[in-house]
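Q: Anchor point for the sequence shown: position 873 equals 872 in numbering that gives the first Met the number 0, and the numbering is continuous, going up by one each time. One structure is given below, represented as structure tokens, and several questions about it will come after.
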Amino acid sequence: MAPLLCSPAAAEASGASGLKSAVKLVESALQSDSAYPLLVDQFAAYGPLPSCSGLQDRDYPADPYCAAAPAPGASMVCRRVPLPAELAEQVAHAQMQCRLGLFPEIGRAWLVVDSDLFVWRYETGDDLAYFDGLSEAILAVGLVQPRPGVFQRHIHSLLCLATCTEIVILGATMQGDELLLQPEPVFTLSADGVPATCVVGSALGRIFLGGRDGCLYEIVYSAGSSWFGSRCRKVNHSSSTLSYLLPAFLSLPFGKEDPIVQVVVDDDRKALYTRSERGTLQLFDLGVRGDQASRVISLPQHQLVQMASRVAPTTDIDNFRVLVHIQVIPPSESPQAHLVVITQTGVRLYLTTISHGVPEARPSTLALLHVRLPPGFTSHAPSQRVHGVRTAMCHRGTTVLVASHTEDKDVFWTLAADAYPFQQFFTETSTFGPVDAGVCCLASGGPQRAPRPQCIVSMPSGAVVLSDPPTVVTQHMDGPQKFVLLSRTSCCLYEKPRPVDMLRGFLQNRATPEEALRAFFALHGEVQASAICLILACNPLDAHLAKRATHALFRYGGEAKLVEHAPTHLASPPLWASTPLAGNQARPLNSFGSPLGAQSPVRPLGWRPTALSTPIVPQQSAAEVAFSGRHHGCYVYFSRLVRPLWTLNLVSPVKDCSLADMFASSIAGQDVENYLQPIVSFQRFLTTLVGLSSESSFADVAAISQSRLDPDGTLHLREQTPRKAQAEAASREWASLSQLLQLVTHTAELLGLWKVLCDHQFRAVSAAFPPDLRDQLRNATLRELVLADRQLPAGLAAALVQTYLEDNAAAEAVSNRLRTVCPSLYRIEDALFTRAHEKLLAARAERNHEERCKLLDEALTLCKQVIRDMLSELRASGDSRADGSSYEAMLGLALRSDDETFHASLYDWLCESGQSARLLDVRSPFLEAYLQRRCDAADLLWKYHERVGNYSAAARILAKLADRPGTDANLSKRLEYLARAIVCIKSTHFQVTNEGNFLYQLEEKLEVARLQAKVQDALRQRSDLPMAAELVARLDAELVDVTHLYGDYADPYDLAECKLAIVRSSGYDKPLLVESLWQSLLEREFLNNVRPDQMSQRLESLAQEYAQSEKFFPLAFLVKFLELRGSQHGFEPGWILEPLLGANVSISRLRDTYNDLYRGKDPAFTERSLHLLHAMARLIELFLNGCHSTDRRWLANRCINDIPGYLVDLQSMAARDNAVDSLISKFKEFQARLDRYVVA
């Protein structure tokens, strides 16, 4: 599997056009699914044609699951249905002969016992019918399709019975699922002495018989008598053209008889082949129209054996001698190989009928193309070889052989290439198992359950043929291939498992080892295996199986990776094939034995897909993403779901109608439903997958971001790089899957819309299509419908609704259904417009005035809602674009209306959609009245007044908003309102007597509100108060005055700082009260801040707030209190100096305070006699070290005068210790430095 690369530039471009990018990848997947080699390509891989295969190990690989699970054949479903009991008794009493056969086209088996014919349903063994109107033994039986126009319509088929003397043709009808044989023959004619050995019909109703004399006969019949006077006659095609005029017995050939034992008709190429008992092959050309018959060539057995032995010289010639079966290869399987011949040893000989490379040429030869040997000729051949083949068949790439084994059992071989759909070589898996002995007839088990999507293949001559893709491409639609094996005792029904059936068996069996699933993904590749997994994961009927399939998809589906420096010379093989075509070494065909002529050696032979885009060529860059197999599998699976419709013309003109432009849907409604259901299931799965991918990607990114916080970056660098690359790759893969989800959703809605159109008479709806819509739809495919703009599908939905409205029918039901199946195509505004249209039509027909007005009002309301919904959508789409011009233009048009009620509705929508600020840009006479009416629009109203320059009105509205009690605004919002009101009132010219008083009131309110905020903050910090939260909420609900603030909050709950702020604000300057408040405040601070640095920071903060007002900052009291409390808590003397100086308290003022406190001999410092001296020493030291002061020289002189007194006190102390001596030394040092400073 070649990795799909995506450069960063390409990823960004895909984000801009996600739908188109997803479509390109889907088309790449479609083309890659069409890139399988045709049969002749695989033949040519072994050498010049004719070639041989089956001799190498790769032709029949060993167990692909490596013995990790039972062999693929072990999963084949077999059901044995015994013959009806009545027939078992008839077989036992047969006197002359007993013959059996199958009519797979009607699901019946037949049995001839002497002259009696029995027909029954082989799947159930019932519905037994019989015919006993003949007296001689029946030698040949055939069921043919009647020629059109000859019989009545109830004749479903013709049953041809041949005896030794006569040929009888019966009419067969089908009533439901029951077969009825007409009692009277429709034709009876003489055998002319030549018994028939086999009977076969063509698609055109011709009846051919193989004669025991080796001649090919035809029963020519018509509706009326010919000029010979007979409606039915027998013609010999192995003789000259006179056989049309002469009786059969006169045209018998001379020579030894070689009975024809098999006749097959190629209805597509209009050719017929016969096989004789001795192995002679004959080719007949039925003419271009299929109404002629002329023998082209006869190929004896010995010539065919010689051709095969030359191609496979190392193989025993006996393997080619006995021919047991011939079968037509339809053009859908191979345009060049036309016939396969199977020998008794299981060898397949592929022949062609053309002598040059034009597949549509008329048959002219029988040439050997390829010899395919059965299993047993390779090195790891099974112990049992194919031999004694009794019957065989080939169907859609699967060969089935039934060979003799023992008296009780036969061997049932299957050779299939399902596991290797894209291999260049002819690779098959072989399985075998026992079956009831005596199998005499083998057939495919009936028609397909669903139409197979075909690929368009262009031949070198320019001709176009349809080719069936491999089973792996169609297995989601086609059921397993069924094979019916009929013996004299039973009918065995076999179902050959598809790859998805193998995976289902593995997942349903809990004992399946993990190696089996891993081998399955290895065999098919991650991409193909993931696509197979999705078939089961999207199955809504088995949730358990879907869960296990999803688990396998995530476990084995691979991961996206970043590829560094990808090579720039990448080829472009199929991007999705599990096994890419090996190289470009396909060899040309030579002229020997090859009717195809030379082919180009540089590309796969014989095909070139059309109607699909070219594969995506990866962009090269330094870092590219190789998406996971799970990602590719999603695209491949979706491409297979839409393959049948992708390039199909969805409509066809109706010829038998009076309207020239009436269309019919090319797809029936039920078929659309069948296609739609798996797409909807995949949409659900993909929605979950994208959600999971998104979560995991963000988790990876978060983990990487967290790892970057690790300080040891070098240790985890190697781990971060791959994790970052993985997260980036996963992110890009998630983006690609999101684009696919968008495409899947859009496709599901389109098909849902198409299903609704089909359910409502597409022909009648098409008559309502506008001319431009008809032109767009005339040749539209699903691809074009997906890529078209919204106008096309929206026009289809509108036309459907319009047909209902024109017929005066209720359109609500169809409108609701459209909203359900395609909500993005038929949006809510479309549904509302439909309802409004209905009401307008009803109002036109209503005669009652009140009812008419009511209907008109309702229609008007709906129309307004439509406009609002359209604006919402345009706004949402505009958010993803840079300009959003469509939304702005639409809004501008809406605002031009002169309808006040519409303006009110539009303003309501702007407010509800979070665009209330846009109202301020509106210039409308209706806006102010609207804002005044809305009780919740006061915020907008003051902004409106401010915008238009009416500042006084804006300020008053702001003041009311601040004063309005309630929980609409908290305290901080009220502060903002007041501050804004002050700004507004100051912005206008006012007289002192009018606006001046109002400004004064606002400023007072703002000051009190700030105090209220301070109280609220203090209450929030009081964790010891159980009702603190309630108090905080009360303060948010309204503004309170100073009295209530102090008496109801600050004082009862001892908020000392708040009380101090309130006292200062009110100017109440009683010293004792102020000192008491400070003491209470500082006591609490000492409890909360036990460290000196914390207390210093808090003291500096308080000092900055109050130091400028001496009345409310009693410095002498504070110094004494703080020094005493600091001493008690172990703080150093003078610890308050730095915080106070930091709060701009002058050092001169501090010197006076400390000196007065020392000279006052306060008793509180009696036991701390040195404390204040230490503080003074620290103050003088701070001064000398550069503390700022405006009167430094005066302060220096004062200190010089103070120091002698300090020294005298220290020297006079009775108990001299080291502390005293240290202080004496410090003061003397300070004295000397101060003297030098003063002198200088």
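All C-beta atoms, glycine included, are put in the ideal place defined by N, C-alpha and C.
My guess is that residue 416 and residue 427 are in contact by the Cβ rule of under 8 Å, so how many angstroms apart are they, rounded?
A: 5 Å
Q: Among 346, 644, 335, 661, whose alpha-carbon lies nearest the alpha-carbon of residue 354?
A: 335
Q: Work out the CA separation of residue 544 and residue 506 for me, nearest whole Å.
A: 7 Å
Q: Could you give the C-beta distance for residue 215 and residue 259, rounded to a whole number, given that I count them as a contact under 8 Å?
A: That pair is a contact at about 7 Å.
Q: When burial is assigned at 16 or more other CB atoms within 10 Å of the CB, is residue 551 buried or exposed?
A: buried
Q: What residue from 312, 1198, 1217 has the CA that sits closest to residue 1230's CA?
A: 1198
Q: Starting from residue 109, follow its DSSP beta bridges and name the residues at the other end.
A: 100, 118
Q: Where residue 1233 and residue 969 are concerned, what is the direct C-alpha to C-alpha distance, given to the nearest angstrom?
A: Straight through space, the alpha carbons of residue 969 and residue 1233 are spaced by roughly 58 Å.
Q: Could you round the C-beta distance between residue 345 and residue 388 to whole angstroms and report it? I think they count as a contact, below 8 Å.
A: 6 Å
Q: Considering Cα atoms alone, identify which of 898, 871, 22, 976 is closest to residue 886.
A: 871
Q: On the premise that residue 735 lies in contact with residue 637, defined as a C-beta separation below 8 Å, what is that separation, rounded to the nearest angstrom?
A: The Cβ separation is near 12 Å, so there is no contact.
Q: Assign residue 233 to one of two classes, buried (16 or more other C-beta atoms within 10 Å of its C-beta) or exposed (fewer than that).
A: Residue environment analysis places residue 233 among the buried positions, since at least 16 neighbouring C-beta atoms fall within 10 angstroms of its C-beta.
Q: Check this for me: beta carbons of residue 679 and residue 747, under 8 Å apart or not?
A: yes
Q: Suppose contacts are defined by Cβ-Cβ distances below 8 Å. Is residue 435 in contact with residue 467 by that definition?
A: no
Q: Quick check on this structure: which residue in 1149, 647, 817 has the alpha carbon closest to the alpha carbon of residue 758?
A: For the residues 1149, 647, 817, the minimum Cα distance to residue 758 belongs to 817.
Q: Who are the Cβ neighbours of residue 1019 in its own chain at under 8 Å, not counting the five residues just before and after it?
A: These residues qualify, in order along the chain: 1027, 1031.
Q: Closest to residue 941 by C-alpha separation, out of 979, 921, 972, would be which residue?
A: 979
Q: Out of 794, 296, 256, 86, which has the shortest C-alpha to C-alpha gap to residue 1245?
A: Any property of residue 1245 remains undetermined from this structure, which presents the chain solely from 0 to 1239.
Q: Could you tell me which of 820, 288, 932, 745 sits nearest to residue 784, measuring between CA atoms?
A: 745
Q: For residue 1190, I'd like the list of residues in its chain whose CB is within less than 8 Å of its CB, leaving aside the five on either flank, ordered along the chain.
A: 1147
Q: Is it buried or exposed for residue 1193, if we count other Cβ within 10 angstroms and need 16 for buried?
A: Exposed: under 16 other Cβ atoms inside 10 Å.
Q: Name the DSSP bridge partner or partners of residue 319?
A: DSSP lists no partner for residue 319.
Q: Is the beta carbon of residue 1011 sitting closer than 8 Å to the one on residue 1044?
A: Cβ distance < 8 Å, so residue 1011 and residue 1044 count as in contact.
Q: Using a Cβ-Cβ cut-off of 8 Å (strictly less than) and excluding sequence neighbours within five positions of residue 902, which residues of its own chain qualify?
A: 894, 896, 923, 925, 926, 929
Q: Tell me the DSSP secondary structure of residue 677 in three-state form.
A: In this structure, residue 677 counts as helix in the three-state DSSP scheme.
Q: In the structure shown, what three-state DSSP assignment does residue 433 receive?
A: strand
Q: Of all the alpha helix (DSSP H) runs that stay within the bounds of the stretch 729–813, which reach a length of 4 or more residues?
A: Given a length threshold of 4 residues, each whole run of the alpha helix (DSSP H) inside the stretch 729–813 is given here in chain order: 761–765, 770–776, 781–786, 790–805.
Q: For residue 417, which three-state DSSP category applies?
A: coil
Q: Please classify residue 200: is it buried, with 16 or more other beta-carbons within 10 angstroms of its beta-carbon, or exposed?
A: buried
Q: Measuring only between beta-carbons, confirm whether residue 313 sits less than 8 Å from chain D.
A: Checking the listed chains, one finds no chain D in this structure; it contains a single protein chain.
Q: Does the Cβ-Cβ distance between residue 114 and residue 127 come in under 8 Å?
A: no
Q: Give the secondary structure of residue 709 by DSSP, where H, G and I count as helix, E and B as strand, and everything else as coil.
A: With a pLDDT of 46 at residue 709, under the threshold of 50, the predicted position of this residue should be treated as unreliable, though the coordinate-derived value follows. When DSSP states are grouped into helix, strand and coil, residue 709 belongs to the coil group.
Q: Assign residue 1152 to buried or exposed, taking buried as 16 or more other Cβ atoms, counted over all protein chains shown, within 10 Å of its Cβ.
A: With 16 or more Cβ atoms within 10 Å of its Cβ, residue 1152 is classed as buried.
Q: To the nearest angstrom, report how far apart residue 532 and residue 632 are at their CA atoms.
A: Spanning the two alpha carbons is a distance of roughly 9 Å.
Q: DSSP three-state label for residue 185, please.
A: Coil, per DSSP.
Q: Considering just the uninterrupted stretch of the beta strand (DSSP E) at residue 422, what are its terminal residues?
A: That residue, residue 422, is in no beta strand (DSSP E); it is neither H nor E in DSSP.
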